[in-house]
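**Q**
2 protein chains.
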Amino acid sequence: MNIVILGSGNVATLLGTCFLNAGYNISQVWSRNVQHAEALASLLRTQFTDDIHSIDQSADLYIIAVSDDAIEDLVAILGSFKGIVVHTSGSTSIEIFNNKFENYGVFYPFQTFSKGRDVDFKIIPILLEASNSKSLEILNVLANSISNRVRVCNSEQRKALHIAAVFACNFTNHLYTLAQKLLEDYQLDFDLLRPLISETAQKVQEFMPKEVQTGPAIRNDEKIINSHLKQLETHQTHLAVYKLLTEQIISESSKK
Amino acid sequence: MNIVILGSGNVATLLGTCFLNAGYNISQVWSRNVQHAEALASLLRTQFTDDIHSIDQSADLYIIAVSDDAIEDLVAILGSFKGIVVHTSGSTSIEIFNNKFENYGVFYPFQTFSKGRDVDFKIIPILLEASNSKSLEILNVLANSISNRVRVCNSEQRKALHIAAVFACNFTNHLYTLAQKLLEDYQLDFDLLRPLISETAQKVQEFMPKEVQTGPAIRNDEKIINSHLKQLETHQTHLAVYKLLTEQIISESSKK
């Protein structure tokens, strides 16, 4: 199977590397930025171009791994291919392809990618969607060769998963930041919190989060909650979050 | 060093076991509930009592590991000891001892303890406070024999750390729960989120959370944010959290 990678960022790099390691042939890398195209092509031992009209017409698969904003414009200027064209975006509908290609779909690796951190791809879920069953079958074989957690889902489900990730990843990291700031204000080191953060994430690898909720809110411990609210009086950002989430946890526990 | 443990819950059990493994002698376990006292005493190969007047008068250290609410009443009915008396509560001031004992303090292991999960005590921070420098020195030696992360701090700092833990642990787990519910509503499995949750916690073991914030809010990606808000219209609890935290992250990023 010949694969063309369109894009040169984190997702393009990681997927390209995974496919190469799994024995697939990357036939070309395209990027708007020719230096980036060259760098990734060199890593993937293949050719590169920054010219949309020079894209390999005979590849089996075209992977669009550019920023969400850029997908629509890129699709508009791409020629027509026989191979399957997929994008890799969680929050972009399959309808963005607008039946432009014969075979198209979505190949969404569901993880937070950061430069400089190695990720075990095998455990990263890959969510698939395709315009027809034959394309879905091909994507399924490909996905299963690099991941143990491949699921087929529609665009609405994929978007819900993306929102869930905003809660469990982006918002969670914001809570870590709020904790960090509070510690700084009391001359305490963030390092003190690290084992706890680790253990909290570790717990829900085995259990459902609802089963392992702890803290003053779930106990409805008014004495402690009020003393926390008092200490947070000068921290308005913290206070707003403390009040909202405490109310929600209390109201959740009273439903049981 | 002879140690008396007052209490029989998670903290009493974990600390007792740690001290025993580190070569200290647990001279007695007291608990209001005689069956619990007996069970823990058997584990710690020592004697037990449920009678407050039978507590060993000659121990070097008395560790109060009862629920926060029960500390004050227990202190009130305890006799006067020569040994150091400590409580193990994050949110209780050292002033609860009210100078009743000659030597007293706080020995707070900072972690979320759950029955049935093993915890590596060496990496768990222990926060110390004492009524005098001699007691502090003794507690310091003891704490360092079971943990690599021992800090001295005052009651206000300890309470701030406890609040920080509410954000980074209890509230974070609530966000996991919200994510879980959203997935359920779209017939998706929570298992899809687990690698991401792990990676999010893992990242801040090396970096500061402020440095690794990702997602639509930090990019101020209005298109994605609005499409999320629209999809959450029927999820009022999620919507309130999404709006508040997104606003805070955007406002944070604009300060840079």
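Heads up: the sequence lines are chains A and B, in that order.
Basically our numbering = 1-based index in the first sequence + 21.
Basically our numbering = 1-based index in the second sequence + 21.
Glycine included, C-beta positions come from ideal geometry on N, C-alpha and C.
Hey, which unbroken runs of the alpha helix (DSSP H) at 4 residues or more fall wholly within the stretch 167–201 of chain A?
**A** Listed in chain order, the complete alpha helix (DSSP H) runs (minimum 4 residues) inside the stretch 167–201 of chain A are 176–186.
**Q** Assuming Ser29 of chain B contacts Ser63 of chain B (C-beta within less than 8 Å), just tell me the rounded distance between them.
**A** Indexing the second sequence from 1 puts residue 29 of chain B at position 8. Indexing the second sequence from 1 puts residue 63 of chain B at position 42. Wrong, their Cβ atoms sit about 11 Å apart, outside the cutoff.
**Q** For Glu59 of chain B and Ile271 of chain A, I'd like the C-alpha separation in whole angstroms.
**A** As a position in the second sequence, residue 59 of chain B is number 38, starting the count at 1. As a position in the first sequence, residue 271 of chain A is number 250, starting the count at 1. Computed Cα separation, rounded: 35 Å.
**Q** Report yes or no: do the stretch 147–157 of chain A and the stretch 116–126 of chain A share at least 3 C-beta pairs separated by less than 8 Å?
**A** Yes, the stretch 147–157 of chain A is in contact with the stretch 116–126 of chain A.
**Q** For my contact list, Leu209 of chain B and Leu182 of chain A are in at a C-beta cut-off of 8 Å; report their separation, rounded to the angstrom.
**A** Start at 1 with the first residue of the second sequence, and residue 209 of chain B comes out as number 188. Start at 1 with the first residue of the first sequence, and residue 182 of chain A comes out as number 161. Between Leu182 of chain A and Leu209 of chain B the Cβ distance is about 6 Å, and since that is below 8 Å, they are a contact.
**Q** State yes or no: is the beta carbon of His108 of chain A nearer than 9 Å to at least one beta carbon in chain B?
**A** Working through the first sequence from its first residue, we reach residue 108 of chain A at position 87. For His108 of chain A, the answer is no, since every Cβ of chain B falls outside 9 Å of its Cβ.
**Q** Ile145 of chain A to Asp206 of chain B, Cα distance in whole Å?
**A** As a working mapping, residue 145 of chain A is identified with position 124 in the first sequence. As a working mapping, residue 206 of chain B is identified with position 185 in the second sequence. Answer to the nearest angstrom: the Cα atoms are 22 Å apart.
**Q** In terms of residues, what are the limits of the alpha helix (DSSP H) holding Ser152 of chain A?
**A** If you number the first sequence from 1, residue 152 of chain A lands on position 131. Looking at the DSSP string, Ser152 of chain A is not in any alpha helix (DSSP H), and its letter there is neither H nor E.
**Q** Using CA coordinates, which residue listed in B:Leu265, B:Leu213, B:Ile115 and B:Phe211 is at the minimum distance from Ile92 of chain B?
**A** Counting from 1 along the second sequence, the entry for residue 92 of chain B is found at position 71. Selected option, being the one with the closest Cα: B:Ile115.
**Q** What's the C-alpha gap between Leu95 of chain A and Val55 of chain A?
**A** Within the first sequence, the letter at position 74 stands for residue 95 of chain A. Within the first sequence, the letter at position 34 stands for residue 55 of chain A. Their backbone Cα atoms lie some 16 Å apart in a straight line.
**Q** According to DSSP, is Ile246 of chain B helix, strand or coil?
**A** Taking the first residue of the second sequence as position 1, residue 246 of chain B is located at position 225. Helix.
**Q** Using a Cβ-Cβ cutoff of less than 7 Å, which residues in the same chain neighbour Asn175 of chain A once the five nearest sequence positions on both sides are dropped?
**A** Taking the first residue of the first sequence as position 1, residue 175 of chain A is located at position 154. The answer, listed in chain order, is Glu150.
**Q** Can you find the residues in the same chain that come closer than 8 Å, C-beta to C-beta, to His249 of chain B, ignoring five residues on each side of it along the sequence?
**A** On the second sequence, residue 249 of chain B is found 228 positions in, with the first residue counted as 1. Answer for His249 of chain B: Pro237 and Tyr263, listed in chain order.
**Q** Could you run through the stretch 217–232 of chain A and flag, in chain order, every residue whose CB is less than 7 Å away from some CB of chain B?
**A** Taking 7 Å as the Cβ-Cβ cut-off against chain B, the residues of the stretch 217–232 of chain A that qualify are Leu217, Ile218, Ser219, Glu220, Thr221, Ala222, Lys224, Val225, Gln226, Met229, Pro230 and Lys231.
**Q** Taking its Cβ as the centre, do 16 or more other Cβ atoms sit within 10 Å of Gly111 of chain B, making it buried, or is it exposed?
**A** The residue given as residue 111 of chain B occupies position 90 in the second sequence. The residue is buried, with at least 16 neighbouring Cβ atoms inside 10 Å.
**Q** Just the Cα atoms here: how many angstroms apart are Leu41 of chain B and Gln49 of chain B?
**A** Locating residue 41 of chain B in the second sequence gives position 20, counting from the first residue. Locating residue 49 of chain B in the second sequence gives position 28, counting from the first residue. Their backbone Cα atoms lie some 12 Å apart in a straight line.
**Q** So, at 6 Å on beta carbons, what are the nonlocal neighbours of Arg240 of chain B in its own chain, with the 5 sequence-adjacent residues on each side left out?
**A** Looking up residue 240 of chain B in the second sequence gives position 219. Result list for Arg240 of chain B: empty, nothing under 6 Å.
**Q** Does the distance from the CB of Phe131 of chain B to the CB of Leu217 of chain A come in under 9 Å?
**A** On the second sequence, residue 131 of chain B is found 110 positions in, with the first residue counted as 1. On the first sequence, residue 217 of chain A is found 196 positions in, with the first residue counted as 1. In this structure, Leu217 of chain A lies closer than 9 Å to Phe131 of chain B by Cβ.
**Q** So if DSSP puts Gly28 of chain B in a beta bridge, which residue, or which two residues, is it bridged to?
**A** Within the second sequence, the letter at position 7 stands for residue 28 of chain B. According to DSSP, Gly28 of chain B bridges with nothing at all.
**Q** Would you say Tyr83 of chain A and Leu99 of chain A are within 9 Å of each other, going by their C-beta atoms?
**A** Taking the first residue of the first sequence as 1, we reach residue 83 of chain A at position 62. Taking the first residue of the first sequence as 1, we reach residue 99 of chain A at position 78. A contact, by the Cβ cut-off of 9 Å.
**Q** Who are the Cβ neighbours of Asp77 of chain A in its own chain at under 6 Å, not counting the five residues just before and after it?
**A** As a working note, residue 77 of chain A is residue 56 in the first sequence. Within the same chain, Asp77 of chain A has close Cβ partners Val25, Ser48 and Gln49.
**Q** Give a yes or no on whether the C-beta atoms belonging to Ser156 of chain B and Ile105 of chain B are separated by under 9 Å.
**A** Against the second sequence, residue 156 of chain B aligns to sequence position 135. Against the second sequence, residue 105 of chain B aligns to sequence position 84. Going by C-beta atoms, Ser156 of chain B is nearer than 9 Å to Ile105 of chain B.
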